[in-house]
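A.B. asks: Protein chains in written order, with our numbering: chain A, 1 to 385; chain B, 1001 to 1385.
Backbone N, C-alpha and C fix where the C-beta goes; we use that ideal spot for every residue, glycine too.
Computed from a prediction, not measured in an experiment: that's the story for all the values here.
Quick one: the structure is below, and I'll ask about it shortly.
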Ligand SMILES: [Mo]
Ligand SMILES: [Mo]
């Protein structure tokens, strides 16, 4: 893709926001871009204009004064709330890491072709989100689900749309109503109004869940007996075995991705870095993350094909309660270079989360047609010359 | 170990219960034995007398009429409850899979020696537990933690002891107090009083957590500011990198195992089974499990070194709510034998849970000094002759 020329005003992409020039663009229409890897592990909270952007459709133009959020439910009434209504309710902050299910898809493409944007490892980042808790809003408007046991899912819909449909999906009711789930209707990102690319004026924040469920430009919430039938819930964001081809896939057989699995990535040094002979140590840095509120227990780094693993120093949120650790862990590790090393070497990383889940060794056995959840050991090649 | 001869009455092991002769014994004193693999995947609920037994100490002799449970807390009062008191409260059932952290340690021993009992894959099983919910008990006795935010852990202690200490440990307060965590004080197992080997008269059931926290012969619960300093919490039930030796280990650096990672095992055919040339298909069966209430999304089976993966048919609890699936998933898969196959073949299995975590490919990179959490792909060798 190349940056598009001037557009006529009735083009749906005529009103896209300005973007930071350092973002690595994967597609212009819709806009999809990631944070350069070397900038990622610098800061625990990613600057707003450097956070990856994953848009499925044009960015809608929204006037905050006209905006209304509709909340409804199967067998229930419906309520419309203005931004003013929401901002009167109790404010709440959560620092949350969001990750696209396609992060590191480029590694999966090396095995065999997949359908999807060509993300490297920068489709992830962390922001402080401020807004109102969903459970507080429901209490305020008298939306009592306790007599509606058949309600199993919370549908969401964004204001972004093409000719036929709006972006949407659903999350399980257990997450939506969990007192410790921290689901938020957010109107600030890093202490400012949410930028247009990230969901102005209101975004659904579902901590520990895949980016796709953190619906931008939130228009509707609907409590339902059934899972959303939106394309992005039913025929996308699922994985199948590496032997399942597009021709064979039965989308009803896979469950929608919600909580993300454990992962870790080397952000520095970059691929292909050359060190002089006799270098004693390389400083390696990166991020690790696990979904569902699970924290990172350990990050192991190797430069000798896994014969020796060095446990990295971890920087995490020290305040996080058990299974409520919504942000990533940054890590660093001084990696000793075996004496007399010369030629190409591979740095590898793998993490263990607080549930003691760990990453698969190889990418070929988690390969899937959509190239999702590429969380095998991350590798970076360097040279000693 | 051999079965011990008649013991004098003051021997601490003189009062052990009778055991089912089919159990595969790993140690007699304390008694540790597992379910034969072929019997495991037969039934969703394991018969009580065939469930694995993991005892750290002699089985205590307890008179139900004299028995009292003590509940106390830092900065709180203490309460003593009889079995009669507990049985008056509201009854609750949960079907829970328990697994020893050492299950499949024998596979880890093949890499390098480890310290611990030599479990094969039968240190796991499922039972229906009946009793009272911990949160209901606390409400009944007026134990209100809402004004005790500094309390972070629930300690437990069993009546099993040696000269210096009782068995014990702790779980995070978040799990203990979770309305959907289903923590139980159980007095029945599979609709009968809990057998002595499994914790008569009262066992703490912590669904989704490692067996070690499901304290048998429960004597004390104590709400505390700090994690338990019991040996089994601090210097056991933790893993370190495969480069960490006994001499190097700093136990304070690892977190205690609580929720278990995803795993899957082939129960049938048994290792070394021989099939005649021309066999078209092998029926493969086994179990899969993930901790923290996560269910199993998919089980993949291969007989060609991972070139082809076949997704198995799953038998799970259809009623389980999201992240509240405490029981395992049984699976079966008709595995086609490549035409003209002859000689040794390896059947391999790997599972994906509902958080999309998956198993590591190889065992050597998760090897650890205590041989815990051996959840790499399970393999069974068969022959075509
Ligand atoms: Mo995504
Ligand atoms: Mo155990």
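Indicate whether the contact test is met: 3 or more Cβ pairs, each with one atom in the segment 1350–1359 of chain B and one in the segment 1262–1275 of chain B, closer than 8 Å.
C.D. replies: yes
A.B. asks: For a cutoff of 8 Å on Cβ pairs, would you count residue 1282/B as touching chain A?
C.D. replies: One-based indexing of the second chain puts residue 1282/B at position 282. By this cut-off, residue 1282/B is not an interface position.
A.B. asks: For residue 31/A and residue 152/A, I'd like the C-alpha separation in whole angstroms.
C.D. replies: Along the first chain, one-based indexing puts residue 31/A at 31. Along the first chain, one-based indexing puts residue 152/A at 152. Each residue's alpha carbon lies about 33 Å from the other.
A.B. asks: Less than 7 Å between C-beta atoms, sequence neighbours within five positions excluded: which residues of the same chain meet that for residue 36/A?
C.D. replies: Numbered from 1 along the first chain, position 36 holds the residue referred to as residue 36/A. In its chain, beyond the 5 residues on either side, 22, 24 and 122 have a beta carbon closer than 7 Å to the beta carbon of residue 36/A.
A.B. asks: Hey, out of 354/A, 226/A and 233/A, whose CA is closest to residue 289/A's CA?
C.D. replies: Within the first chain, numbered from 1, the residue matching residue 289/A stands at position 289. Selection 354/A, 226/A and 233/A evaluated against residue 289/A yields 354/A as nearest (Cα-Cα).
A.B. asks: What residues of chain B sit near residue 132/A, judged by a beta carbon separation below 8 Å?
C.D. replies: Translated into the one-based positions of the first chain, residue 132/A becomes position 132. Within 8 Å Cβ-Cβ: nothing; residue 132/A doesn't reach chain B, min ~22 Å.
A.B. asks: Am I right that residue 345/A and residue 384/A are in contact with their C-beta atoms under 8 Å? What's the rounded C-beta distance?
C.D. replies: As a working mapping, residue 345/A is identified with position 345 in the first chain. As a working mapping, residue 384/A is identified with position 384 in the first chain. Residue 345/A to residue 384/A, Cβ: 6 Å. Contact.
A.B. asks: Hey, which unbroken runs of the alpha helix (DSSP H) at 4 residues or more fall wholly within the segment 169–234 of chain A?
C.D. replies: 173–176 and 231–234
A.B. asks: Between the Cα of residue 1333/B and the Cα atoms of 1307/B, 1298/B and 1319/B, which residue gives the shortest distance?
C.D. replies: Numbered from its first residue, the second chain carries residue 1333/B at position 333. Comparing Cα-Cα distances from residue 1333/B to each of 1307/B, 1298/B and 1319/B, the minimum goes to 1298/B.
A.B. asks: Checking contacts by CB at 8 Å: is residue 1092/B closer than that to chain A?
C.D. replies: In the second chain, the residue the question calls residue 1092/B occupies position 92. Not one chain A Cβ lies under 8 Å of residue 1092/B.
A.B. asks: I need the DSSP call for residue 299/A, collapsed to helix, strand or coil.
C.D. replies: Taking the first residue of the first chain as 1, we reach residue 299/A at position 299. Here residue 299/A sits in strand by DSSP.
A.B. asks: Given a cut-off of 8 Å on the beta-carbon distance, is the pair residue 1295/B and residue 1232/B in contact?
C.D. replies: By one-based count along the second chain, residue 1295/B stands at place 295. By one-based count along the second chain, residue 1232/B stands at place 232. No, Cβ-Cβ distance for residue 1295/B and residue 1232/B is not below 8 Å.
A.B. asks: How would you label residue 149/A, buried or exposed, when you count the other beta carbons within 10 angstroms and need 16 or more for buried?
C.D. replies: Sequence index remark: in the first chain, residue 149/A carries index 149 (1-based). Exposed is the call here.
A.B. asks: Report the neighbours of residue 321/A on chain B: residues whose CB is nearer than 7 Å to its CB, in chain order.
C.D. replies: Along the first chain, read from residue 1 onward, the residue named residue 321/A stands at position 321. Here the neighbours are 1174.
A.B. asks: Taking 7 Å as the limit between beta carbons, can you name the residues of its chain near residue 1204/B, skipping five residues before and five after?
C.D. replies: In the second chain, counting from the first residue as 1, residue 1204/B sits at position 204. Excluding residues within five positions, the ones whose Cβ falls inside 7 Å are 1156, 1185, 1214, 1215 and 1218.
A.B. asks: So what does DSSP say about residue 69/A, is it helix, strand or coil?
C.D. replies: By 1-based counting over the first chain, the position of residue 69/A is 69. It is a strand residue.
A.B. asks: On the DSSP bridge assignment, give the partners of residue 127/A in chain order.
C.D. replies: Position 127 of the first chain holds residue 127/A. DSSP, once it has assigned bridges, lists 96/A as partnering residue 127/A.
A.B. asks: Between residue 240/A and residue 369/A, how many whole angstroms is the CB-CB distance? I'm expecting something under 8 Å.
C.D. replies: Taking the first chain and counting its residues from 1, one reaches residue 240/A at position 240. Taking the first chain and counting its residues from 1, one reaches residue 369/A at position 369. Contact holds; Cβ gap of about 7 Å.
A.B. asks: Along chain B, which residues have their Cβ under 7 Å away from the Cβ of residue 126/A?
C.D. replies: Here residue 126/A corresponds to residue number 126 of the first chain, with the count starting at 1. Under a criterion of Cβ atoms nearer than 7 Å, no residue of chain B is adjacent to residue 126/A; the nearest Cβ is some 19 Å distant.
A.B. asks: Helix, strand or coil for residue 1026/B, going by three-state DSSP, please let me know.
C.D. replies: Within the second chain, residue 1026/B is the residue found at index 26, counting from 1. Strand, per DSSP.
A.B. asks: Against chain A, does residue 1262/B count as a neighbour if the rule is that its beta carbon must be under 8 Å from one of theirs?
C.D. replies: For the purposes of this step, residue 1262/B is identified with residue 262 of the second chain, where counting begins at 1. Yes, residue 1262/B lies at the interface with chain A (some Cβ there is under 8 Å from its Cβ).
A.B. asks: Give the residues of chain B in contact with residue 373/A, contact being defined as C-beta atoms less than 8 Å apart.
C.D. replies: As a position in the first chain, residue 373/A is number 373, starting the count at 1. Those within 8 Å of residue 373/A in chain B are 1356.
A.B. asks: With DSSP as the reference, please indicate the residues paired to residue 1133/B in a beta bridge.
C.D. replies: Position 133 of the second chain holds residue 1133/B. 1184/B, per the DSSP bridge assignment.
A.B. asks: Answer yes or no: do residue 34/A and residue 129/A have a C-beta to C-beta separation smaller than 8 Å?
C.D. replies: Mapped onto the first chain, residue 34/A falls at position 34. Mapped onto the first chain, residue 129/A falls at position 129. The answer is no: Cβ separation not under 8 Å.
A.B. asks: In angstroms, rounded to a whole number, what distance separates the CA positions of residue 1271/B and residue 1051/B?
C.D. replies: Position 271 of the second chain, counted from the start, is the residue given in the question as residue 1271/B. Position 51 of the second chain, counted from the start, is the residue given in the question as residue 1051/B. Cα to Cα, the separation comes out at about 21 Å.
A.B. asks: Mapping the DSSP letters down to three states, classify residue 1048/B as helix, strand or coil.
C.D. replies: Position 48 of the second chain, counted from the start, is the residue given in the question as residue 1048/B. It is helical.
A.B. asks: Kindly give me the distance between the Cβ atoms of residue 1331/B and residue 1285/B, rounded to whole angstroms, as I take these residues to be in contact under 8 Å.
C.D. replies: Position 331 of the second chain holds residue 1331/B. Position 285 of the second chain holds residue 1285/B. Right, their Cβ atoms sit about 7 Å apart.
A.B. asks: Please report how far the alpha carbon of residue 1235/B lies from the alpha carbon of residue 1178/B, in whole angstroms.
C.D. replies: On the second chain, position 235 is the one that residue 1235/B refers to. On the second chain, position 178 is the one that residue 1178/B refers to. Cα to Cα, residue 1235/B sits roughly 27 Å from residue 1178/B.
A.B. asks: Nearest-angstrom Cα distance between residue 371/A and residue 230/A?
C.D. replies: In the first chain, the residue the question calls residue 371/A occupies position 371. In the first chain, the residue the question calls residue 230/A occupies position 230. Each residue's Cα considered, the two are about 20 Å apart.
A.B. asks: According to DSSP, is residue 1252/B part of a helix, a strand, or is it coil?
C.D. replies: Position 252 of the second chain, counting from 1, holds the residue named residue 1252/B. Three-state DSSP puts residue 1252/B in a helix.
A.B. asks: Using a Cβ cut-off of 8 Å (strictly closer), state whether residue 1347/B contacts chain A.
C.D. replies: Translated into the one-based positions of the second chain, residue 1347/B becomes position 347. Judged by the 8 Å Cβ criterion, residue 1347/B is not in contact with chain A.
A.B. asks: Output needed for residue 1083/B: all residues of its chain with C-beta closer than 6 Å, excluding positions within five of it in sequence on either side, in chain order.
C.D. replies: Counting from 1 along the second chain, the entry for residue 1083/B is found at position 83. Here the set comprises 1064, 1067 and 1201.
A.B. asks: Taking Cβ-Cβ distances shorter than 7 Å, what residues in chain B pair up with residue 386/A?
C.D. replies: Residue 386/A lies beyond the range of chain A shown here (1 to 385); nothing can be said about it.
A.B. asks: Is it true that the CB of residue 1189/B sits closer than 8 Å to the CB of residue 1140/B?
C.D. replies: In the second chain, residue 1140/B corresponds to position 140, counting from 1. In the second chain, residue 1189/B corresponds to position 189, counting from 1. Not in contact: residue 1140/B and residue 1189/B (Cβ atoms no closer than 8 Å).
A.B. asks: Taking its Cβ as the centre, do 16 or more other Cβ atoms sit within 10 Å of residue 220/A, making it buried, or is it exposed?
C.D. replies: In the first chain, the residue the question calls residue 220/A occupies position 220. It is buried - the Cβ of residue 220/A has at least 16 other Cβ atoms within 10 Å.
A.B. asks: Since residue 298/A meets chain B, which of its residues come closer than 9 Å, beta carbon to beta carbon?
C.D. replies: Your numbering for residue 298/A matches position 298 in the first chain. Near residue 298/A (Cβ distances below 9 Å), the residues of chain B are 1239, 1240, 1241, 1253, 1254 and 1255.
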